[in-house]
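Data block below; observations after.
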Amino acid sequence: MEVNKNISLVLSGGGARGLAHMGVIEELERQNFKINSIVGTSMGALVGGIYAMGKLQEFKEWIVKLNRYSFLRLIDFSFKNGGFIKGEKILNILSMAIPGENIEDLKIPFACLATDIQAHQPVYINSGNIYDAIRASIAIPSVFTPVIKDNMVLVDGGVLNNIPIDYAIKTNPEDKILAVNVNARIPFEGKALPTPSSKLGMLRLTNRTISLMIETIGNFNLREHAPDFMINISRYSCELYEFYKAQSQIEYGRKCAREQLKNYLTLGHIV
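If you want it as structure tokens, here you go:
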């Protein structure tokens, strides 16, 4: 019995937890899945776009070297223009890795999602400069400054749709839709779920508020559009801002993919 391994990959947003997408992709490749297209939101857009360019290994080699100190040095604070962080230091590094790349020229068809807060509409970006597209998709409101483009004010796509399965279904109906949700409310590595606490600092409170928003919107999206198969990553694996935990997140993503893909055949995903 032959397994249908032609997939359209959907990558959710979730801050640093989205680094697990890299481990998932590496495991998919190891198991000879054929990724025919990618759509992502926020961190899913970043990882998915870099993979579509064929530069995931280079990005991985850079980000696993980050520690707490080197990560903090990349944060450029802003107290105007609608965001706490301009993101220019981080995005300047990314722009050097992807200069002049257009989405139409990528090795794998790619799209990412942003939100136009003027029109209250999702905006799928599947053409033009990939740097500009990713910059819009990761513009978390009140954290990163928004992107102004074509009379639109673009912010993080996760504001309206954190798991853009609908786009994959519409554009790639012939492929199996495999989604990766990095905000699943499941235990992490056998640990119990965290207990409630009233003692929350500003950063942790902001983190949990954004996490709740992402999870709620994601659950709503999943009720509307279900994938053929989904790999779940625990929301408790790391905080949204802990990008210095790249190595452990990548390995955790790989482990989750390896364990959960065992069910791919048993669920009837055959040619």
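If you read the sequence shown in our numbering, its first letter stands for residue 1209, the second for the next number, and so on. No residue lacks a Cβ here, since even glycine has one placed at the ideal position from N, Cα and C. For clarity, every value in this text was computed on a predicted model and none was experimentally measured.
Can you name, in chain order, every residue of its own chain whose Cβ lies under 6 Å from the Cβ of residue i, other than the five neighbours on each side?
i	result
K1242	K1213 and N1214
L1282	K1297 and I1298
L1217	I1243, I1246 and L1386
N1391	G1222, I1422, E1423, G1426 and R1443
Y1452	L1274, N1275, R1276 and F1279
Y1259	I1233
Q1468	I1439
Just to confirm before moving on: does the CB-CB distance between residue i and residue j stay below 8 Å?
i	j	result
M1251	G1231	no
K1315	G1248	no
G1257	I1342	yes
R1466	R1225	no
I1348	N1429	no
N1440	N1380	no
M1373	H1433	Note on residue identity: the sequence assigns Ile, not Met, to residue 1373. Yes, these two residues count as a Cβ contact at 8 Å.
DSSP beta-bridge partners for residue i?
i	result
Q1329	D1324
K1470	Paired residue(s): none; K1470 is not in a bridge.
S1442	A1392
K1384	I1215
Which whole-angstrom value describes the C-beta separation of residue i and residue j, a residue pair presumed to lie in contact below a C-beta threshold of 8 Å?
i	j	result
Q1455	A1228	Actually they are not in contact, since the Cβ atoms of Q1455 and A1228 sit about 11 Å apart, beyond 8 Å.
L1362	A1319	Going by Cβ atoms, the distance from L1362 to A1319 rounds to 14 Å, so no, they are not a contact pair.
Can you give me the start and stop residues for the alpha helix (DSSP H) that residue i sits inside?
i	result
T1353	T1353 -> no alpha helix (DSSP H), and no H or E assigned at all.
G1231	A1228 to R1238
G1280	A small correction: the amino acid at residue 1280 is Leu; Gly does not occupy that position in the sequence shown. Run containing L1280: R1276 to R1281, per the alpha helix (DSSP H) assignment.
N1300	E1296 to A1305
Closer than 7 Å: is that where the CB of residue i sits relative to any heavy atom of the ligand MN?
i	result
L1469	Ligands displayed in this structure: none; no statement on the ligand MN is therefore possible.
Tell me which residue opens and which closes the beta strand (DSSP E) that residue i is part of.
i	result
D1364	M1360 to D1364
V1267	Correcting the residue type first, residue 1267 is Phe in the shown sequence and not Val. Looking at the DSSP string, F1267 is not in any beta strand (DSSP E); the run it does join, the alpha helix (DSSP H), is L1264 to I1271.
G1248	K1242 to T1249
I1342	Unbroken run through I1342 is the alpha helix (DSSP H), I1338 to S1345; no beta strand (DSSP E).
Spatial neighbours of residue i within its chain, please: CB distance less than 8 Å, with the 5 preceding and 5 following residues excluded, ordered by chain position.
i	result
N1310	S1335, G1336, N1337 and I1338
A1327	M1360
L1272	Per the sequence shown, the amino acid found at residue 1272 is Val instead of Leu. Result list for V1272: A1454, Q1455 and I1458, in chain order.
Give every residue of the same chain whose Cβ lies closer than 7 Å to the Cβ of residue i, excluding the five residues on either side of it in the sequence, and list them in chain order.
i	result
V1479	In this prediction, V1479 scores a pLDDT of 46, lower than 50, which makes its location untrustworthy; no coordinate-derived value is stated.
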